[in-house]
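Laid out in structure tokens, this is it:
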């Protein structure tokens with residue numbers, strides 16, 4: 005049996021009098037032979053105090069870029085151990101684990117490069133004008149500064165790229181902010197292994213203790229206390245709408261409110277226009293969509309959760325192609341039995357609604373939490389009139405909506421909630437489609453994809469991952485790409 | 005008697021059955037002979053519906069830059085009438101009125117220039133890589149888009165520059181957002197005159213009706229309903245902490261929360277270090293500080309409200325110079341008798357506290373709402389132990405704190421609230437002062453001024469006007485300078 009403690013101030017403390025939790029293998033739902041000792045409120049207070057002390061020396065340190073690089077290197081060196089823990093705890097396949105680790109390493113390196121640029125922190129400077137009348141114009145230099153101590157919540161579906169040293173932590177470190185991670189309890193071992201590498205990197209570079217702490221917690225108490233702690237100045241969260249809103253509420257009710265960047269939920273509508281059939285073979289389009297719906301059991305915030313298909317001969321061909329492709333797809337285990345249960349319950353509830361037809365993948369289950377892939381087919385009126393359908397179904401599910409006229413798409417776009425993405429399949433979509441419709445799409449989403457699926461979010465400065473509420477808490481920021489550093493910086497002008 | 009109506013959809017509607025309010029002349033507290041008909045909730049709903057309709061055509065219009073320019077020209081052409089109304093309603097002197105109007109015109113022109121730049125709305129673009137393995141890299145173009153319909157609250161102390169077509173409205177228009185202004189009831193005529201010029205400009209350029217509406221309201225009902233209206237997507241506010249927090253609360257409790265940029269209150273600490281006396285003659289420094297405290301009756305969010313002076317012979321000279329200069333200062337009428345009453349009450353309350361000595365200007369009053377200028381002198385321990393002193397006193401008042409050691413300044417900076425500005429007077433402040441102290445100052449303020457007073461905010465892209473809570477609601481944004489457009493834009497990525 006292995007034991008894992010909270011990591012606070014460069015020390016991993018195993019307090020064997022504390023309560024502990026274990027992780028489970030999603031493929032057989034059996035507990036893994038490990039113990040994670042729950043953080044106490046005293047642990048949390050110590051972590052925040054050390055983080056506060058670290059803020060000045062860490063933010064001024066010249067080694068921040070080297071720190072990010074060193075963590076990236078240590079992830080690479082420890083790849084085998086990390087991948088094996090990741091796969092055991094998440095049930096995700098090895099190829100996904102590798103590509104997510106590569107992405108995490110790339111993220112760290114791109115932030116390292118960003119802050120290596122000379123004067124990256126200066127956003128504007130304006131020289132003095134001694135001769136201006138009636139008064140001298142002062143010199144003004146505007147700089148990015150760290151917002152303060154950042155709390156990061158690990159995400160169940162991205163144990164590497166949006167957890168311990170994922171995009172939130174990497175951008176906060178780059179901004180000069182100490183970070184306290186509340187680990188996701190589904191992958192506490194993977195999280196601790198990564199946390200240890202961060203601490204090793206801090207020690208090697210002699211960075212101040214408290215620059216990073218890692219708290220083990222399987223319930224809400226520690227997370228809520230973290231957001232409520234006066235030393236914490238900003239929060240990064242990826243997860244459910246319910247979880248994001250709860251943290252947002254706490255953050256707003258503090259005597260000093262703080263920003264929470266919560267990346268929450270999205271249906272990621274896909275609009276298939278008749279004109280796309282000029283270019284796309286229905287079979288290949290069907291395969292592409294099903295792969296995007298079912299890949300890694302559909303456990304992506306950008307999974308296409310609702311597909312509008314015209315009620316035409318080509319449209320019907322596409323629906324048939326989707327069904328065929330669905331049955332050919334290998335479906336993986338879901339991340340945790342709770343997630344699997346939620347998926348089963350929600351798809352059953354959807355199936356009980358009038359006017360729907362469910363198509364369920366027929367491949368045999370090998371594992372316990374194996375989400376059957378499900379398509380729920382209905383006509384537009386059925387969809388629009390029933391709120392049960394107007395929510396994200398986390399997992400390998402998509403609504404297939406047969407529409408009769410483009411007016412119905414207009415109707416949908418004006419009433420739908422904010423979305424991370426909207427995908428449009430059409431011949432020459434920018435020019436052949438109604439301008440007002442395209443504009444409404446832009447009002448409702450953070451990313452518009454022409455003739456492509458929404459999964460596979462590029463890590464790029466030109467990426468926007470964050471859409472109108474409730475897909476994220478503030479659509480003016482992104483969670484992916486180097487611009488995500490702006491969540492954790494503020495500007496200060498120096499006037500002389 | 006002149007009558008003024010709400011301006012909704014290019015129409016000024018005088019509904020003489022409605023309730024009305026009047027403005028008063030702050031110099032004699034007599035009502036001005038005018039009637040402003042209160043907006044009803046129906047007016048508000050109509051204004052929001054028209055704004056929603058205007059969003060698409062206005063945001064796509066190629067005439068936005070010309071629109072800002074045309075408003076600026078109309079302000080110039082109507083200068084005499086505007087100045088006369090401004091001075092009558094605000095009690096502010098003519099030279100201030102002119103400089104504020106100049107500033108407003110400059111703001112409009114700088115946003116016009118900003119959006120004239122080709123592709124100003126593109127923040128990043130990243131080309132496709134067809135050959136990338138294992139998958140093609142798509143083209144990504146990230147653009148700024150308008151956040152939606154913006155509600156702007158007029159500010160009592162800036163009838164031009166932070167009201168009807170001030171910085172908030174100009175930046176929202178530049179971003180492509182329709183604007184609904186809730187006028188400040190203290191200067192409803194000035195506000196309506198400006199609003200009419202905006203409508204004239206819209207008509208001349210054939211911009212969609214609903215791009216701008218102007219609501220007259222003397223109470224909270226219309227303002228609250230505006231922030232609660234589902235069509236409104238963002239709010240700009242300049243005013244008290246109480247007012248800003250109330251709007252923030254409403255905005256957060258909506259089913260779709262929206263961002264409020266509230267620029268609220270600040271004490272704007274000034275630190276005088278002994279070394280400054282090497283360069284500064286105490287008399288000229290005293291004059292400079294008193295001018296900054298008393299100019300336009302100290303009714304600036306950046307008025308220096310607390311000055312730390314060393315308890316040394318030079319420091320005592322400076323305190324004496326401040327007193328002398330105070331008595332020489334002409335003090336103007338305050339904006340409104342409510343503001344004047346608040347000032348009198350708060351300075352009296354402060355005077356009742358143990359350990360303080362108040363110095364009051366001795367110039368005779370000419371007008372009714374003439375704020376006496378007041379300095380409240382005390383030692384550091386008295387200041388730090390009494391919460392009554394830890395708040396902004398809006399008007400010509402400053403706390404003069406005699407300190408015995410720089411440790412006391414460290415103690416202050418770690419406990420003080422967020423500030424718009426901090427000013428540091430010292431010989432070579434960047435290099436001679438303690439680094440940790442300077443860092444703490446940066447954590448607490450949006451702008452650090454070396455050897456200068458905080459009033460006179462430059463309109464410049466390198467300006468940051470917005471500090472940590474409660475000086476503003478989100479220190480990641482500025483209310484002054486072209487960067488303020490980011491409050492009302494979101495980014496959308498187009499992927500091909």
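Protein chains in written order, with our numbering: chain A, 5 to 500; chain B, 5 to 500.
The beta carbon of each residue, even a glycine, is placed where N, CA and C say it ideally should be.
Considering only DSSP beta bridges, list what residue 401 of chain A is partnered with.
Residue pairing for residue 401 of chain A: DSSP places it in a beta bridge opposite A:378.
Count the CB pairs spanning the segment 233-251 of chain A and the segment 207-220 of chain A that are closer than 8 Å, and state whether there are at least three.
no
Quick one, which of A:57, A:6, A:61 and A:72 has its alpha-carbon nearest residue 40 of chain A's?
A:6
Does any CB atom of chain A fall closer than 7 Å to the CB of residue 473 of chain B?
Yes, contact with chain A.
Is there a Cβ of chain A sitting closer than 7 Å to that of residue 310 of chain B, yes or no?
no
Give me the subset of the segment 213-231 of chain A whose CB atoms are less than 9 Å from a CB atom of chain B, sorted by chain position.
none
So who's on the other strand from residue 449 of chain B, going by DSSP bridges?
Residue pairing of residue 449 of chain B in beta bridges, as defined by DSSP: B:423.
Out of A:183, A:161, A:311 and A:199, which has the shortest C-alpha to C-alpha gap to residue 16 of chain A?
A:199
Determine the DSSP secondary structure at residue 219 of chain B, reduced to helix, strand or coil.
Looking at residue 219 of chain B - three-state DSSP - the assignment turns out to be strand.
Using 7 Å as the limit for Cβ to Cβ distance, is residue 54 of chain B near chain A?
It does not; no Cβ of chain A falls within 7 Å.
From what residue to what residue does the alpha helix (DSSP H) around residue 200 of chain A run?
192-208
Pull up the distance between the alpha-carbon of residue 167 of chain B and that of residue 159 of chain B, whole angstroms please.
Counting only the Cα atoms, residue 159 of chain B lies some 5 Å from residue 167 of chain B.
Between the beta-carbon of residue 238 of chain A and the beta-carbon of residue 489 of chain A, is there less than 7 Å?
no
Could you confirm whether any beta carbon from chain B is found closer than 7 Å to the beta carbon of residue 446 of chain A?
yes
According to DSSP, is residue 172 of chain B helix, strand or coil?
helix
Within its chain, find whatever has a CB closer than 8 Å to the CB of residue 103 of chain A; leave out the 5 residues flanking it on each side and keep chain order.
Excluding positions up to five away in sequence, the list is empty.
Taking 7 Å as the threshold (beta carbon to beta carbon), is residue 468 of chain A in contact with chain B?
Between residue 468 of chain A and chain B, the shortest Cβ-Cβ separation is below 7 Å.
Which runs of the alpha helix (DSSP H) fall wholly inside the segment 341-370 of chain B and span at least 4 residues, in chain order?
341-356
What are the partner residues of residue 240 of chain A, as DSSP defines its beta bridges?
A:156 and A:265
Beta carbon of residue 354 of chain A, beta carbon of residue 330 of chain A: below 7 Å?
no
Considering only the beta carbon of each residue, do residue 174 of chain A and residue 115 of chain A sit closer than 7 Å?
It is a contact, given that the beta carbons lie within the stated cut-off.
Taking 7 Å as the CB-CB cut-off, is residue 497 of chain B touching chain A?
For residue 497 of chain B, the answer is yes, since a Cβ of chain A falls inside 7 Å of its Cβ.
In chain B, which residues lie with their C-beta within 7 Å of the C-beta of residue 482 of chain A?
495
Any beta carbon from chain B within less than 7 Å of residue 65 of chain A's own beta carbon?
no
Would you say residue 465 of chain B lies against chain A (beta-carbon separation less than 7 Å)?
yes
For the segment 296-312 of chain B against the segment 403-423 of chain B, are there 3 or more C-beta pairs whose distance is under 8 Å?
yes
Give the straight-line distance between the Cα atoms of residue 388 of chain B and residue 164 of chain B, rounded to the nearest whole angstrom.
So the two alpha carbons sit approximately 37 Å from each other.
Is the beta carbon of residue 466 of chain A sitting closer than 7 Å to the one on residue 130 of chain B?
In this structure, residue 466 of chain A sits near residue 130 of chain B, with a CB-CB distance shorter than 7 Å.
Are residue 122 of chain A and residue 147 of chain A close, meaning C-beta to C-beta below 7 Å?
no
With 7 Å as the threshold, decide whether the Cβ of residue 318 of chain B is near any Cβ in chain A.
no
From the DSSP output, in three-state form, read off residue 115 of chain A for me.
If DSSP states are grouped into helix, strand and coil, residue 115 of chain A belongs with the helices.
Counting pairs of Cβ atoms below 8 Å between the segment 264-274 of chain A and the segment 463-478 of chain A, do you hit three or more?
yes
Which of the three DSSP states, helix, strand or coil, is assigned to residue 16 of chain A?
strand
Write down the C-beta distance between residue 301 of chain A and residue 335 of chain A rounded to the nearest angstrom, noting that I regard them as a contact closer than 8 Å.
6 Å
Apply the 10 Å Cβ neighbour rule to residue 396 of chain A and answer buried if 16 or more other Cβ atoms are within range, or exposed otherwise.
buried
What did DSSP end up calling residue 149 of chain B once you bin it into helix, strand or coil?
strand
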